[in-house]
């Protein structure tokens, strides 16, 4: 039996809901009986989610480009009119791709900057827009990564973005403490999602070895060697969203089977 985090009736906004971790978090929060707004910029993935859970009366979806000020403002207005409040904001949306320093592609720096905009600036934009709807006791959960705690070749923009998310989380924890809003980050390790497997494949290509060899190398660094699934880490987010985590703010919780311990 799944634990009850006493979230029933809370309003939860989840970005990047169509991706691997996002989809797993959507399912986990829905099981807690929350009012759930699922955001993604891909309409098709949101339609699929809506079909998967057609009986959830308190779930809604919205196509939203978090890089677009007007779309984010329209979303805030919609939430104000629909539910009037936000209790939990999960800033999960982001992109992941290699940005090797020796790239000769003419758009190399554009891709670098775009990744930072997607993974950090859009997070700030949405949080600013929804701040007036956040109630005392609200929880903001930002998606970082174990790569926000370390470094890895060829992914400098992604790594920089995830370090930035941790810095943003710490700063906002101080800034929003007076409103009784907690801000924390989660740093997942290797989760078997489409995005993570693409990165693993890119690493294998750059190192001229097989994907299986890269996976073995990665798992060997873990205290409990196994590739994680979105369901394995969903409880971390539910806990941070709940009042049981009322003593935690400005933290970056690592969920990596011990690959990173800090």
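In UniProt numbering, the protein residues as written are 1 to 262. Positions of the beta carbon are idealized from the N, C-alpha and C atoms, including for glycine.
- Taking a 10 Å sphere around the C-beta of residue 64, we find 16 or more other C-beta atoms and assign the residue as buried.
- If you draw a straight line from the Cα of residue 80 to the Cα of residue 176, it comes to about 20 Å.
- Between residue 234 and residue 28, the C-beta spacing is below 8 Å.
- Annotated three-state conformation of residue 261 is coil, per DSSP.
- Counting the other Cβ atoms within 10 Å of the Cβ of residue 132 gives fewer than 16, which makes it exposed.
- CA-to-CA, the gap between residue 82 and residue 68 works out to about 21 Å.
- Residue 98 holds the alpha-carbon nearest to the alpha-carbon of residue 199 among 98, 216 and 173.
- In the three-state scheme derived from DSSP, where H, G and I count as helix and E and B as strand, residue 170 is classed as helix.
- Burial state of residue 139 is buried, judged by a 10 Å Cβ sphere holding 16 or more other Cβ atoms.
- Secondary structure at residue 118: helix, using DSSP grouped into helix, strand and coil.
- Comparing alpha carbon positions, the residue from 112, 231, 10 and 239 closest to residue 102 is 112.
- Scanning its chain for C-beta atoms nearer than 7 Å, with the 5 sequence neighbours on each side dropped, one finds around residue 145 the residues 162, 187 and 188, in chain order.
- Residue 127 sits in a helix when the DSSP states are folded into three classes.
- Between residue 125 and residue 39 the beta-carbon gap is near 12 Å, outside 8 Å, which marks them as no contact.
- A Cβ-Cβ contact shorter than 8 Å links residue 241 with residue 7.
- Residue state for residue 251 is assigned as coil, using DSSP reduced to three classes.
- According to DSSP, residue 89 shares a beta bridge with 13 and 140.
- The DSSP assignment places complete alpha helix (DSSP H) segments of no fewer than 4 residues inside the segment 147–207 at 156–176 and 194–207, in order along the chain.
- Counting only the Cα atoms, residue 260 lies some 8 Å from residue 149.
- Of the candidates 32, 3, 154 and 93, the residue whose Cα lies closest to the Cα of residue 205 is 154.
- By the criterion of a C-beta distance shorter than 6 Å, residue 170 is surrounded in its chain by 250, once the five residues flanking it on both sides are discounted.
- In the DSSP annotation of this structure, the continuous segment of the alpha helix (DSSP H) that includes residue 236 starts and ends at 230–241.
- The beta carbon of residue 172 lies closer than 6 Å to those of 183 in the same chain, with the five residues before and after it left out.
- Comparing alpha carbon positions, the residue from 180, 209, 215 and 203 closest to residue 192 is 215.
- Each of 12, 128, 239 and 91 was checked against the Cα of residue 30, and the nearest Cα belongs to 12.
- Assignment of residue 58 by DSSP, reduced to helix, strand and coil, places it in the coil class.
- C-alpha of residue 104 to C-alpha of residue 32: approximately 48 Å in a straight line.
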